[in-house]
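**Student:**
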Amino acid sequence: KEKLEEYKKLSETDPMTELWNRRAFDARMTAIYEDQKHILFDALIVADIDNFKRINDQFGHPVGDRIIQSIARLLKASLPADVFIARTGGEEFAFILEGLSEASVATLAEDVRHATERGVFIDRETGRNCGPISMSLGVCMAADATSAEDLYGKADKAMYASKAGGRNRITLHPKPQAKPQPRKDWLLYKTE
234 KEKLEEYKKL SETDPMTELW NRRAFDARMT AIYEDQKHIL FDALIVADID NFKRINDQFG
294 HPVGDRIIQS IARLLKASLP ADVFIARTGG EEFAFILEGL SEASVATLAE DVRHATERGV
354 FIDRETGRNC GPISMSLGVC MAADATSAED LYGKADKAMY ASKAGGRNRI TLHPKPQAKP
414 QPRKDWLLYK TE
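The working numbering numbers the first residue of the sequence shown as 234 and each following residue consecutively.
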């Protein structure tokens, strides 16, 4: 039984970063919409390392891999222990947070962005500084989405809005707007 648990953990862990992998992330996302409490109080942050292709082109893929590993360590150090942190692909990460207000989630996202921006990324083999490194982040509250796919899509769209807005920033998925009430700008005149 212990071996089985070990194999399960290995199948859900990203070998490069030792964070949760996409498989574990997808399962955790699905679980959000199976419990009303999670829908009300969970949030997703999607984060992507800015200009990562340039980093790989300039310093090489082995250095790019080490930067991803450094970012993973930075995320573990920057986020509370109960935050579900996954590497969802390439240079993209996702964090599932429970029981926080949107303002608290935004503050945590900003803390991650700021810690990354302040980080020093020195290639230990060459001694070259590979920075500055930054991240673009998108935030969506589970209550603002209808399913795991919708939640991911909205957080991802917010992350791309951060990139389009100049990178190295966070963007909150906009709240749905209430339907405007029809205006009554006309007057009724009573004639005698």
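Here a beta-carbon is modelled for each residue, glycine too, at the ideal position from N, C-alpha and C. The model shown is predicted, which means the values in this text are computed figures rather than measured ones.
1) Would you report the Cα separation of Lys309 and Ala319, rounded to the nearest angstrom?
2) Grab the span of the beta strand (DSSP E) containing Met249 for me, first residue to last.
3) Specify whether the stretch 297–308 and the stretch 235–242 touch according to this definition: at least 3 beta carbon pairs, one from each stretch, less than 8 Å apart.
4) When the Cα atoms are used, what is the spatial distance from Phe258 to Ala381?
5) Thinking Glu331 and Asp383 are a contact (beta carbons under 8 Å), I'd like their distance in whole angstroms, please.
6) Does the structure place the stretch 395–404 close enough to the stretch 345–361 that three or more beta carbon pairs sit under 8 Å?
7) Between the beta-carbon of Ser337 and the beta-carbon of Leu370, is there less than 8 Å?
8) Given a cut-off of 8 Å, decide if Ser244 and Arg256 are closer than it, judged by their beta-carbon atoms.
9) Kindly give me the distance between the Cβ atoms of Ile272 and Phe354, rounded to whole angstroms, as I take these residues to be in contact under 8 Å.
10) Relative to the C-alpha of Glu230, which candidate in Pro407, Cys373, Thr321 and Ala342 has its C-alpha closest?
11) Give the secondary structure of Asn362 by DSSP, where H, G and I count as helix, E and B as strand, and everything else as coil.
12) For the stretch 253–293, which segments carrying the alpha helix (DSSP H) assignment without a break, of at least 4 residues, lie completely within its bounds, in sequence order?
**Tutor:** With the given structure in hand:
1) Taking the sequence shown and counting its residues from 1, the one referred to as residue 309 is at position 76. Taking the sequence shown and counting its residues from 1, the one referred to as residue 319 is at position 86. Their backbone Cα atoms lie some 10 Å apart in a straight line.
2) Taking the first residue of the sequence shown as 1, we reach residue 249 at position 16. Premise fails: Met249 is in no beta strand (DSSP E) and is neither H nor E.
3) no
4) Against the sequence shown, residue 258 aligns to sequence position 25. Against the sequence shown, residue 381 aligns to sequence position 148. Taking the straight line from one Cα to the other gives about 10 Å.
5) For this step, residue 331 is matched to residue 98 along the sequence shown. For this step, residue 383 is matched to residue 150 along the sequence shown. Not confirmed; about 18 Å, so no contact.
6) Yes: the two stretches touch, three or more of their Cβ pairs being nearer than 8 Å.
7) Start at 1 with the first residue of the sequence shown, and residue 337 comes out as number 104. Start at 1 with the first residue of the sequence shown, and residue 370 comes out as number 137. Cβ atoms of Ser337 and Leu370: not closer than 8 Å.
8) What you label residue 256 is simply residue 23 of the sequence shown in a count that begins at 1. What you label residue 244 is simply residue 11 of the sequence shown in a count that begins at 1. Yes; because the gap between Cβ atoms is below 8 Å, this pair is in contact.
9) Walking along the sequence shown from the start, residue 272 turns up at place 39. Walking along the sequence shown from the start, residue 354 turns up at place 121. Going by Cβ atoms, the distance from Ile272 to Phe354 rounds to 37 Å, so no, they are not a contact pair.
10) It is not possible to answer for residue 230, since the shown part of the chain is limited to 234 through 425.
11) Looking up residue 362 in the sequence shown gives position 129. DSSP places Asn362 in strand when its eight states are reduced to three.
12) 255–265, 269–274 and 285–292
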